[in-house]
Each structure stands twice: as C-alpha cells, then as structure tokens.
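Heads up, the thing below is written out as structure tokens.
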Amino acid sequence: MNTDLSNYRKSYEKQELLESNISENPMELFQKWFHEVDTHYNTGETNAMTVSTIGLDGYPKSRVVLLKKYTHEGFIFYTNYESEKGKAITANPNVCLSFFWHEAERQIIIKGKAEKIATNLSDGYFESRPRGSQLGALVSKQSDVIESREVLENNLKALENEFEGKDIPRPEFWGGFIVKPVEIEFWQGRPNRLHDRIRYQLDSEYNWQIHRLSP
Ligand SMILES: Cc1cc2nc3c(=O)[nH]c(=O)nc-3n(C[C@H](O)[C@H](O)[C@H](O)COP(=O)(O)O)c2cc1C
176 MNTDLSNYRK
186 SYEKQELLES
196 NISENPMELF
206 QKWFHEVDTH
216 YNTGETNAMT
226 VSTIGLDGYP
236 KSRVVLLKKY
246 THEGFIFYTN
256 YESEKGKAIT
266 ANPNVCLSFF
276 WHEAERQIII
286 KGKAEKIATN
296 LSDGYFESRP
306 RGSQLGALVS
316 KQSDVIESRE
326 VLENNLKALE
336 NEFEGKDIPR
346 PEFWGGFIVK
356 PVEIEFWQGR
366 PNRLHDRIRY
376 QLDSEYNWQI
386 HRLSP
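Residues 176 to 390 in the working numbering are what the sequence shown lists, from first letter to last.
So, in structure tokens, the structure goes:
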C-alpha cells in the first residue's frame, strides 16, 4: 500500500487567540471556548476528549471519553476503574487530555493528575444515567478479552432479570476520575501555519504562568 496524503492541506482562518483577550485562569478560557464551540459550531459531541495514559506496559495509550463536568478544580469523566486506563491511572496518575474541535480550528491540550472522585459523586451521576447505561456499566468488564458478543448479551439478559423492578446499584469498579490540570495549552489555527499557542503552567505557588509558544 502506498497512499500519498501530501496534498491534504487546509488554511486556518476562522479565529485568533491574543493575549489581550484571555483570562488569567485557564479554566475560564476553557469555559469560553467550550461554550463558543458548542453554540456556534456543529461538533456533534463537543465534550468528546482524548485521554492519554502511560500504561503498565510502558506505552502511552489514548482513547476518547466524554467530559461530564468541569469546575475550577478540574475535568471529570467516568469509566471502569478496572479497565486498562483505570489500572494505568492507578499506577501513574499523570495523564493528558486533549480536544480537537476542527470546525473551530481549535485544539486544547491538558496535562494533569487524575484521581478518583468521591464515591457519593459517582453514585449521584450513576443514578442519573438511563437504566440501559447502568446495566451496560455493570455487565462490562471493560478491556477484558471476551469470548463473543453473545456472551455479553446473555450476561446482560441475566442482569436485566436479576434487577427487574429494582434499582441498580453503582458497581464499585465504576466511577469518575477528576483530572486536575498543571498545564493547559490553547491552540488556534491561523493562516500560513503561524498558529496561536498560549500555554498556562501552574508554578510552585499555584499561580498560572502564561506564555506564547512558537507554532
Ligand atoms: C465518542 C466516544 C465516547 C466514549 N466515552 C467513554 C466514556 O465516557 N467512558 C469510557 O470509559 N469509555 C468511553 N468510550 C470508549 C473508550 O474510548 C474506550 O474504548 C474504553 O474506555 C476502553 O478503554 P481502555 O481499554 O483503554 O481502558 C468512548 C468512545 C467514544 C468513541
């Protein structure tokens, strides 16, 4: 196979990111960008983000998850704590989150430390999920090898019968992680590859240091 993609080329011209127009706190800029993208661009899932972990095998691995909440403290997503990513985070909490909103020609890259959120918060979110998603979380030993799809579907049927007419409790192996940022970079595509890159870094006194990076 020899597939040449060298003619794939796009000029980024929609927006700019200037020091005169940003907040001191990156979470506020995150909120502004998220809101703009969600409101003005047709992204489908604005809250879809890539989370990269360092695996037990020493390799980085990235996969998409859904951002379910963000506050000044950090970014929350939900997953199976026993999954490949769950085990990776337990061994090494340093992770990277990234968003690419191509319609807005924007990228955000976040380095941070992940930790489990309080169990009552995971309970609250689990309770708010549709019953099918609750059962899906319960039935899936995420990242384990399974014999067939049929096994999964049979196990689901068994759980449906077991919990008929009853509330489904959150399994202990499922819950939220919060990623507390130490660095957030905002990237805005610009013409002629002279993109805007603004990086916020948390210093030892927990103040955000802001720098422009060369594209
Ligand atoms: C759009 C999209 C949203 C997803 N959202 C989640 C999510 O919120 N939580 C999750 O555990 N997996 C989610 N997944 C599946 C993950 O990408 C991944 O397959 C799964 O978490 C297992 O990853 P692991 O084996 O590396 O732990 C999503 C996948 C896509 C494509």
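Where a beta carbon is used, it is the ideal one built from N, C-alpha and C, also for glycine.
Candidates the options, of which the one nearest residue i by Cα
i: Thr246; options: Met202, Ile385, Arg368, Ser318; result: Met202
i: Gly364; options: Leu334, Arg281, Leu296, Leu331; result: Arg281
i: His459; options: Arg238, Gly311, Trp276, Glu358; result: Residue 459 lies beyond the stretch modelled for the chain, which goes from 176 to 390, so this question has no answer here.
i: Phe205; options: Val326, Leu231, Ile284, Lys316; result: Ile284
i: Glu360; options: Asp232, Pro390, Asn367; result: Pro390
i: Gly307; options: Gly299, Val320, Asp342; result: Asp342
i: Arg372; options: Glu328, Tyr300, Phe250, Glu191; result: Glu191
i: Val239; options: Phe274, Arg368, Ser303; result: Phe274
i: Gln391; options: Gly287, Glu328, Asn177; result: Because the chain in this structure spans residues 176 to 390, residue 391 falls outside the shown range and cannot be described.
i: Leu369; options: Asp179, Ala312, Leu193; result: Leu193
i: Glu380; options: Asn330, Val357, Arg374; result: Val357
i: Arg345; options: Val212, Ala279, Gln384, Ser315; result: Ser315
i: Tyr374; options: Ser297, Ser318, Ile385; result: As written in the sequence, residue 374 is Arg, which differs from the Tyr given in the question. Checked all of Ser297, Ser318, Ile385; the closest Cα to Arg374 is Ile385.
i: Arg184; options: Tyr300, Pro366, Glu328; result: Pro366
i: Ser318; options: Tyr300, Thr254, Glu328; result: Thr254
Secondary structure of residue i, DSSP reduced to three states
i: Glu358; result: strand
i: Glu203; result: helix
i: Lys332; result: helix
i: Lys236; result: strand
i: Ser195; result: helix
i: Arg345; result: coil
i: Ile264; result: helix
i: Phe352; result: strand
Residue burial classification, residue i (beta-carbon count within 10 angstroms, cutoff 16)
i: Ala289; result: buried
i: Glu402; result: Because the chain is modelled from 176 through 390, residue 402 falls outside the range shown and cannot be assessed.
i: Leu388; result: exposed
i: Val270; result: buried
i: Val354; result: buried
i: Ser195; result: exposed
i: Pro305; result: exposed
i: Ile321; result: exposed
i: Tyr187; result: buried
i: Ser181; result: exposed
i: Met224; result: buried
Residue i and residue j closer than 8 Å at C-beta
i: Thr228; j: Ile264; result: yes
i: Leu241; j: Asn217; result: no
Presumed contact (8 Å Cβ cut-off) between residue i and residue j, rounded CB distance
i: Gly350; j: Tyr256; result: 6 Å
i: Phe352; j: Phe252; result: 6 Å
i: Glu199; j: Lys236; result: Not quite, the Cβ-Cβ distance comes to about 34 Å (not below 8 Å), so this is no contact.
i: Ala266; j: Leu231; result: 6 Å
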